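Colleague: Numbering (this note's numbering), first residue to last: 4 to 279.
Pasting in a structure now, in structure tokens, and then I'll have a few things to ask.
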Amino acid sequence: MAGKLYIVATPIGNLDDITLRALKILKEVNLIAAEDTRQTLKLLNHYDISKPLISYHRHNEDVKSDVLIEKLKNGENIAIVSDAGTPGICDPGEEVIKKAIEENIEVIPIPGPCAMITALIASGISTKEFVFLGFLPLNKKLRKQKLEEIQKSDKTIILYEAPHKMKATLLDLKNILLNRKIVLARELTKIHEEFIRKNIDELLNEIDNLKGEMILIIEGNSHVENEKNNLYDLSLEEHYKYYEKQGFDKKEIIKKIAKDRKLNKNEIYMQFIDKK
Ligand code: SAM
């Protein structure tokens with residue numbers, strides 16, 4: 004009989020944040036597949052658990068998935084854990100889970116900490132509907148697309164970011180957020196846990212002094228439709244400035260104005276030239 008694959012969530016800082024069920028499973032399985040075996044060993048030692056470990060990370064996910072599937076087929080029960088939080092959420096896990104499902108191997112989630120949910124629930128920003136975008140892409144074109152998505156979204160946005168890239172991300176967001184609320188959640192569940200609820204300029208002033216793991220929670224753009232309606236009331240100059248402030252270039256602005264006013268691009272261009 005095939006073994007079972009358990010996806011076990013582990014703490015994101017505070018070692019007490021582990022469920023009784025997670026500990027039970029980690030004690031019972033034959034093998035633990037860990038993103039970083041040294042990191043997982045600290046957790047296991049803390050709870051007096053001794054188990055064989057196998058490394059399973061982003062760079063060997065493909066090959067190691069096959070090894071794990073073979074072991075599962077041979078009847079071994081395996082727990083997969085990441086360095087922190089829930090495996091598969093911006094962490095390895097997805098590959099072996101997909102393959103296990105294809106092979107009709109039972110996949111059992113053991114829920115627990117996840118940094119995005121931890122940040123969201125105490126952010127004070129709407130939890131009704133939210134979009135998790137993980138880390139913003141570094142590729143310029145893809146990043147621009149994601150920023151546009153954030154600009155338009157009427158749902159709460161959650162972003163992960165590495166501390167050394169946070170300043171660049173805040174600078175990009177500054178161009179598109181206008182006065183939407185933003186919360187930076189830092190070092191969650193740890194000694195220096197902090198929720199910084201300030202505007203983006205104030206965050207930018209502080210960011211060089213902030214350390215540790217960070218998440219951004221951004222209020223949805225609930226004014227998208229209202230803003231669009233109000234745009235009709237603006238003069239062409241005001242309409243132009245509205246998009247200029249958001250960092251769009253001249254060509255993009257003219258395209259956007261034409262779309263908003265349901266007019267031809269050249270018509271806008273001519274009107275705009277006339278006014279300048
Ligand atoms: N699998 C994890 C989860 O369930 O949330 C996420 C892993 S991802 C590689 C790491 C990112 O999660 C960090 O860059 C940071 O944005 C966020 N993160 C993880 N732990 C955190 C913490 N204690 N405080 C704030 N952010 C954290």
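Yeah, the Cβ is synthetic: ideal placement off N, Cα and C, and Gly gets one too.
All figures in this text were calculated on a predicted structure; none of them were measured in a lab.
Regarding K170 and the ligand SAM, is the C-beta to nearest heavy atom distance less than 8 Å?
Modeller: No, since every heavy atom of the ligand SAM falls outside the 8 Å radius drawn around the Cβ of K170.
Colleague: Have a look at L71 and V134 and give me their C-alpha separation to the nearest angstrom.
Modeller: Their Cα atoms are separated by approximately 32 Å.
Colleague: Between the alpha carbons of M4 and N63, how many angstroms are there, rounded?
Modeller: If I take the Cα positions, the gap works out to 27 Å.
Colleague: My output table needs one value for F275: the three-state DSSP class, helix, strand or coil.
Modeller: DSSP places F275 in helix when its eight states are reduced to three.
Colleague: With a threshold of 6 Å on Cβ separation, who are the neighbours of P55 within its own chain once the five nearest residues in sequence on each side are excluded?
Modeller: Closer than 6 Å at the Cβ level, and outside the excluded window around P55, lie L34.
Colleague: Give the DSSP-derived three-state secondary structure of I52 in the structure shown.
Modeller: Residue state, collapsed to three classes: coil.
Colleague: Just to check, is the beta-carbon of Y9 closer than 8 Å to a non-hydrogen atom of the ligand SAM?
Modeller: Answer for Y9: no, Cβ out of range of the ligand SAM.
Colleague: Would the beta-carbon of A5 be found less than 8 Å away from any heavy atom of the ligand SAM?
Modeller: Answer for A5: no, Cβ out of range of the ligand SAM.
Colleague: With a threshold of 16 other CB atoms inside 10 Å of the CB of G2, please say whether the residue is buried or exposed.
Modeller: For the chain, the structure presents residues 4 to 279; residue 2 sits outside this window and is missing.
Colleague: Start and end of the beta strand (DSSP E) containing E197?
Modeller: Run containing E197: 197-201, per the beta strand (DSSP E) assignment.
Colleague: Could you give the distance in angstroms between the alpha-carbon of E222 and the alpha-carbon of D263?
Modeller: Distance between the alpha carbons of E222 and D263 is about 24 Å.
Colleague: Only counting the same chain, and skipping five residues up and downstream in sequence, which positions put a Cβ closer than 7 Å to that of D157?
Modeller: Counting only Cβ-Cβ distances below 7 Å, and skipping sequence neighbours, we find G223, N224, S225, V227.
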